[in-house]
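Residue numbers (my numbering): -14 to 263. A virtual CB, placed ideally from N, CA and C, is assigned to each residue, including glycine. Owing to the predicted nature of the structure, the values given are computational and were not obtained by experimental measurement. This report refers to the structure that appears directly beneath it.
Take a look at the structure:
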């Protein structure tokens, strides 16, 4: 039950962070948004160090650095995806892709899925197709570029979560600190190389900072959940985060959810629930 509650908290934080980050990326180049979000996330993790402890062992350093590289890619791809929009389609696609790899890793490490899980996995693939394909006049259909970005973002998020899970459980927040330091360095280096292509638009400082803080809290809650429960269950519960993103996109941006997409979202919810129960 503790792992479930932590995973649900992580899911909520990720959903809010994605909405704010995607919205901020619409106001300026995505790297300008990430340049603020990533260091803000690192600052939160450094503040947590005295309270939660950190042991910088070889395992924490290695897996933390790997998660940081994946996180940098996830930040850029995800915020770019949500900036292209529509959020209510692309966010669930990213979530389902991000859940698939951790589930596979959990199964390979000896975790077991029951009948619900065996039904939930293929059902999740069906949900990806339904959510991705809008029908009818005026439906919000994502472009091929947006869909590719969504799949790439999902893969990067999955790798980040798997790498965090692999870090030794007695290292405190060290993997998070190392990971965020690496991702911040990668992002700032990329921004420096692409400085002339970033444009002159000023980023949304408050939104970008809030997105980074929420992302940091989501990572922490996921790490604690994965240390106290099965990766297969924690990963799919965390993958519920599009619920928050879609709700905010509907209420703030008035993004429409077509009937076929609504069926896809419902199918995704059923699939994730079956996987969680398994």
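Going by C-alpha positions, residue 232 is about 21 angstroms away from residue 12.
Look at the beta carbons and you see the region 140 to 148 not touching the region 22 to 33: under three pairs across the two are nearer than 8 angstroms. Counted as a single uninterrupted DSSP element, the alpha helix (DSSP H) harbouring residue 190 occupies residues 190 to 213. Of the candidates 82, 96 and 173, 82 places its Cα closest to the Cα of residue 227. If you look at residue 151, you'll find it in the alpha helix (DSSP H) that goes 129 to 151. Apart from sequence neighbours up to five positions away, the residues of its chain that approach residue 215 with a beta-carbon distance below 7 angstroms are 91 and 96, ordered along the chain. In the DSSP assignment, residue 165 falls within the alpha helix (DSSP H) that extends over 159 to 178. Distance from the Cα of residue 196 is smallest, within the candidate group 2, 23, 241 and 80, for 2. Residue 174 and residue 19 have their alpha carbons spaced roughly 12 angstroms apart. Considering only 241, 230, 212 and 203, the residue with the shortest C-alpha distance to residue 56 is 203. Relative to the Cα of residue -2, the nearest Cα in the group 100, 205, 240 and 254 belongs to 205. No residue range can be given for residue 96, since it is assigned to no alpha helix (DSSP H) and is classified by DSSP as neither H nor E. Straight-line spacing of the CA atoms in residue 6 and residue -6 works out to 18 angstroms. In summary, residue 65 is buried, with 16 or more beta-carbon neighbours lying within 10 Å of its beta-carbon over all protein chains present.
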